[in-house]
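Student: The structure that follows is given in the form of structure tokens.
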Amino acid sequence: MRRLAVGLLAVALLAACGGGGGGNAQPAGSIKVTMTEFAFNPSTLSVPSGKVVLYLVNAGSVAHDMVIKDSSGTISGRSELVSAGDSFVFTVSSLATGKYTFICDQPGHEGYGMKGTLTAT
Ligand SMILES: [Cu+2]
0 MRRLAVGLLA VALLAACGGG GGGNAQPAGS IKVTMTEFAF NPSTLSVPSG
50 KVVLYLVNAG SVAHDMVIKD SSGTISGRSE LVSAGDSFVF TVSSLATGKY
100 TFICDQPGHE GYGMKGTLTA T
């Protein structure tokens, strides 16, 4: 008989769960936003101005992120890239009153519909 040495490859596919990622519980007072291909749900957010905490849940099968831009296109906040099945607590420390747009910055995703609007009052 021939013995086959089976090499077990522990593929550390994404050690990129950095910064306490991987199954974060939803912080009190945060707003949950679910990301899928290719949408944010909800896609319309209304928040008090100031410190804003979004709880991003990637329920899709590819990585997503969130970038918030003000009316002039200036980036107000950018989340980490959230792996499929993972979650991320996205804190924007100081959001002025106004209207914003948010998108997923992964190639093509905005065009597929991963965008929304945010109003800070
Ligand atoms: Cu995306």
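With numbering that gives the first Met the number 0, letter number 51 in the sequence shown gets 50, and the count goes up by one each step, no holes.
Positions of the beta carbon are idealized from the N, C-alpha and C atoms, including for glycine.
From a predicted model like this one, the values you see are computed outputs, not experimental measurements.
(1) For M113, verify whether its CB is less than 6 Å away from any heavy atom of ligand 1.
(2) What residues match up with S60 in a beta bridge as DSSP calls it?
(3) How is G28 classed by DSSP in three states: helix, strand or coil?
(4) With 16 other CB atoms within 10 Å as the buried threshold, where does S86 fall?
(5) Which of the three DSSP states is assigned to G115 in this structure?
Tutor: According to the structure data:
(1) The residue given as residue 113 occupies position 114 in the sequence shown. It does: the Cβ of M113 is within 6 Å (strictly closer) of some heavy atom of ligand 1.
(2) Here residue 60 refers to the residue found at position 61 of the sequence shown. Partner(s): none; S60 has no beta bridge.
(3) By 1-based counting over the sequence shown, the position of residue 28 is 29. Coil.
(4) In the sequence shown, residue 86 corresponds to position 87, counting from 1. Buried is the call here.
(5) Taking the sequence shown and counting its residues from 1, the one referred to as residue 115 is at position 116. It is a strand residue.
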